[in-house]
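There are 4 protein chains.
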Amino acid sequence: MPFTTRAQVRFADVDPAGIVFYPRYFEMLNGAVEDWFEQELGMDFKMMHLENHIGVPTVRLETDFLSPSRLGDRLDITITPERLGRTSCQVTIVFAGDGVARLKAHVVLVCMDLRTQRPIEWPAPLRAAIARGVEEDGTFEAGATPA
Amino acid sequence: MPFTTRAQVRFADVDPAGIVFYPRYFEMLNGAVEDWFEQELGMDFKMMHLENHIGVPTVRLETDFLSPSRLGDRLDITITPERLGRTSCQVTIVFAGDGVARLKAHVVLVCMDLRTQRPIEWPAPLRAAIARGVEEDGTFEAGATPA
Amino acid sequence: MPFTTRAQVRFADVDPAGIVFYPRYFEMLNGAVEDWFEQELGMDFKMMHLENHIGVPTVRLETDFLSPSRLGDRLDITITPERLGRTSCQVTIVFAGDGVARLKAHVVLVCMDLRTQRPIEWPAPLRAAIARGVEEDGTFEAGATPA
Amino acid sequence: MPFTTRAQVRFADVDPAGIVFYPRYFEMLNGAVEDWFEQELGMDFKMMHLENHIGVPTVRLETDFLSPSRLGDRLDITITPERLGRTSCQVTIVFAGDGVARLKAHVVLVCMDLRTQRPIEWPAPLRAAIARGVEEDGTFEAGATPA
Chain A
592 MPFTTRAQVR
602 FADVDPAGIV
612 FYPRYFEMLN
622 GAVEDWFEQE
632 LGMDFKMMHL
642 ENHIGVPTVR
652 LETDFLSPSR
662 LGDRLDITIT
672 PERLGRTSCQ
682 VTIVFAGDGV
692 ARLKAHVVLV
702 CMDLRTQRPI
712 EWPAPLRAAI
722 ARGVEEDGTF
732 EAGATPA
Chain B
592 MPFTTRAQVR
602 FADVDPAGIV
612 FYPRYFEMLN
622 GAVEDWFEQE
632 LGMDFKMMHL
642 ENHIGVPTVR
652 LETDFLSPSR
662 LGDRLDITIT
672 PERLGRTSCQ
682 VTIVFAGDGV
692 ARLKAHVVLV
702 CMDLRTQRPI
712 EWPAPLRAAI
722 ARGVEEDGTF
732 EAGATPA
Chain C
592 MPFTTRAQVR
602 FADVDPAGIV
612 FYPRYFEMLN
622 GAVEDWFEQE
632 LGMDFKMMHL
642 ENHIGVPTVR
652 LETDFLSPSR
662 LGDRLDITIT
672 PERLGRTSCQ
682 VTIVFAGDGV
692 ARLKAHVVLV
702 CMDLRTQRPI
712 EWPAPLRAAI
722 ARGVEEDGTF
732 EAGATPA
Chain D
592 MPFTTRAQVR
602 FADVDPAGIV
612 FYPRYFEMLN
622 GAVEDWFEQE
632 LGMDFKMMHL
642 ENHIGVPTVR
652 LETDFLSPSR
662 LGDRLDITIT
672 PERLGRTSCQ
682 VTIVFAGDGV
692 ARLKAHVVLV
702 CMDLRTQRPI
712 EWPAPLRAAI
722 ARGVEEDGTF
732 EAGATPA
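Chains as they are written, first to last, in our numbering: chain A, 592 to 738; chain B, 592 to 738; chain C, 592 to 738; chain D, 592 to 738.
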């Protein structure tokens, strides 16, 4: 089942042309991933980074900006895990406002040991939680790809 | 009566030393001012900027950073209007987390016509709404200072 | 011929894991596009936005993050125009530090009239300047695609 | 002698009202402090943070925003150390563009051990380098205040 959270377009996010400056979308996107980990996967970023020394850097990003967002817009951000690899996962993230898609992104996250700065296998609880989301959408992969 | 809103310390806000990078506090502070205008003063930033062509730039800022904030902290942000001038107002803004003050700021905002880029008198409804907040705290000024 | 400019990884760009927070790469990338317009294409963003009422929003972005960047790194950013359409163009942008590629992005920019917020044909001088860059790399398109 | 560095107002820095969004000034200010440490005080932020485990968080900030800055403006940023304490120092920072002051800030930095997160005495080389700047401006303090 997709996970949904929300963001509000703030003054800080809007450029001189009156629309969201796109790097700010990625701050919202990262905030949505934080919400997903905390509310759906059962591990908040604080615990994950500071106690478990695990990070989830983005290694690939593909984004189509479909229609502009403006000051004050409330955006629904939906995260759907698509593929689960041994050390990575791919998610699709859609931003929508007033029912209109604003952007669609495919993001590959890697599970990284912050001390060695190298990819590691997903910890079992995280792996299971992500797998549940993938299975529900029917595209579970047995850890082969994306890596 | 002070106005209170909340912010969450996101991954995007935290520096390599593990604490909030202070310019990010001011983005949260500006977001809190947006909430104050929308929820308490009855004029959201979108309407104000795009329809009424009014902005409220910050012309003075005095901030003490009292204790650090970390990833995941939920912060209460309290805005208390202190003085109301003809074209400006001064507010005190306090950030607190777990009951501990994180920063205290005194901010002077000016009401500006975005087309002429010059200060203008507060529109009557905004003026009345800010004045109510000031009066409740007992320091109403008859428009003399800060300007 | 590719256009090259530089950026420095600032404290503001680095996350709690000690590496560049990826949305900040896109601020650097946008800054590099500003430099390209000003230094190579002959139209700076100020003139373009404020006098000519033209913007160049990003409509598509594909990015591989190849290796992390850290505090203090000096990055070379290379922009190579790949395809020139009637109202858009595609560029490849590579960030490198110490000779190692950090990220590679394919970006589609659209020429937009800021007043109507609709795509317009590239102004002749901009079109000619971008075309020169594309031709040198041998992949000029006669305005057919990407649009 | 004051230390001077430069910054350019980027698209990312400008708000919907066409002027620099003030939290972005503080990112430029922090970048200028980085330049000061690297070019004048002889210790770059990378070495200081990662090898020496020292940070210099801002504990107090007083800023007057004197005139707006716009897209493309080149700003001169001047840093003058004013007082040197045992574990802190106060600097005055002025931003100017086309000879017109844009903002003036008084900033108190504290020397912090990143492992204990507590203030420590300035390392001797840093202390000596800051003291030289203060003495030249004639307001050296024998470590009494600000702390």
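Every residue gets a Cβ at the ideal spot worked out from N, C-alpha and C, and that includes glycine.
Reference residue i, options the options, closest by Cα
i: Ala692(D); options: Leu620(D), Gln681(D), Val611(D) and Ser660(D); result: Ser660(D)
i: Thr707(C); options: Arg601(A), Arg597(A), Ala608(A) and Phe602(A); result: Ala608(A)
i: Gly646(C); options: Ile721(C), Phe686(C) and Leu700(C); result: Leu700(C)
i: Val685(A); options: Trp713(A), Leu652(A) and Leu641(A); result: Leu652(A)
i: Tyr705(B); options: Gly690(B), Asn643(B), Val682(B) and His697(B); result: Residue identity check: residue 705(B) is Leu in the sequence provided, not Tyr. The option with the nearest alpha carbon to Leu705(B) is Asn643(B).
i: Val624(C); options: Gln630(D), Met638(D), Val624(D) and Phe602(D); result: Phe602(D)
i: Tyr613(B); options: Val611(D), Leu620(D) and Glu726(D); result: Leu620(D)
i: Gln630(C); options: Trp713(C), Phe617(C) and Arg597(C); result: Arg597(C)
i: Thr678(B); options: Ala687(B), Cys702(B), Val698(B) and His697(B); result: Cys702(B)
i: Ala719(B); options: Cys680(B), Asp689(B) and Gly690(B); result: Cys680(B)
i: Leu717(D); options: Lys637(D), Val600(D), Gly633(D) and Val611(D); result: Gly633(D)
i: Leu641(D); options: Ile610(C), Leu641(C) and Ala687(C); result: Ile610(C)
i: Val600(D); options: Gly622(C), Arg615(C), Val600(C) and Gln599(C); result: Gly622(C)
Beta carbon of residue i nearer than 9 angstroms to that of residue j
i: Leu657(B); j: Lys695(B); result: yes
i: Thr649(A); j: Phe594(A); result: no
i: Leu675(D); j: Ile721(D); result: yes
i: Asp626(D); j: Gly663(C); result: no
i: Thr671(B); j: Thr683(B); result: yes
i: Glu673(A); j: His697(A); result: yes
i: Glu618(A); j: Asp604(A); result: yes
i: Met592(C); j: Gly724(C); result: yes
Neighbour list for residue i in chain A, Cβ cutoff strictly below 8 angstroms
i: Val747(C); result: There is no way to answer for residue 747(C), as the model of chain C reaches only from 592 to 738.
Minimum Cβ-Cβ distance from residue i to chain B less than 9 angstroms
i: Gly609(C); result: yes
i: Met592(D); result: no
i: Ala708(D); result: Checking the displayed sequence, the identity of residue 708(D) turns out to be Gln instead of Ala. So yes, Gln708(D) belongs to the interface.
i: Pro672(D); result: no
Residues that residue i contacts on chain D, provided the C-beta gap is smaller than 9 angstroms
i: Arg651(B); result: Glu653, Thr654, Asp655 and Phe656
i: Leu662(A); result: Pro607
i: Leu700(B); result: Simply none; closest approach about 11 angstroms.
C-beta neighbour in chain A for residue i, strict 9 angstroms
i: His640(B); result: yes
Within chain C, partners of residue i - CB distance below 9 angstroms
i: Pro614(B); result: Ala603
Contact with chain D by residue i, beta-carbon distance below 9 angstroms
i: Asp635(C); result: yes
i: Leu666(B); result: no
i: Pro714(B); result: no
i: Ala719(C); result: no
Neighbour list for residue i in chain A, Cβ cutoff strictly below 7 angstroms
i: Glu625(B); result: Arg601 and Phe602
Neighbour list for residue i in chain C, Cβ cutoff strictly below 8 angstroms
i: Ala618(D); result: Note on residue identity: the sequence assigns Glu, not Ala, to residue 618(D). Chain C residues near Glu618(D): Arg601 and Ala603.
Below-9 angstroms beta-carbon distance, residue i vs any chain C residue
i: Asn621(D); result: yes
i: Ala598(B); result: no
Chain A contact residues for residue i, given Cβ-Cβ distances below 9 angstroms
i: Gly646(C); result: Asp606, Pro607, Ala608 and Ile610
Within chain D, the residues that residue i reaches when beta carbons sit closer than 7 angstroms
i: Leu705(B); result: Ala608
Closer than 9 angstroms to chain F by CB, residue i
i: Phe617(A); result: Judged by its chain identifiers, the structure shown contains no chain F, and its protein chains are A, B, C and D.
- prompt: Which full runs of the beta strand (DSSP E) of 3+ residues lie inside the region 632–662 of chain B, going along the chain?
  reply: 649–656
- prompt: Along the chain, which unbroken stretches of the alpha helix (DSSP H) at least 4 residues long are found entirely within the region 663–737 of chain A?
  reply: 715–727
- request: Let me know the alpha helix (DSSP H) ranges lying completely inside the region 595–633 of chain B, each 4 residues or longer, listed in chain order.
  value: 613–630
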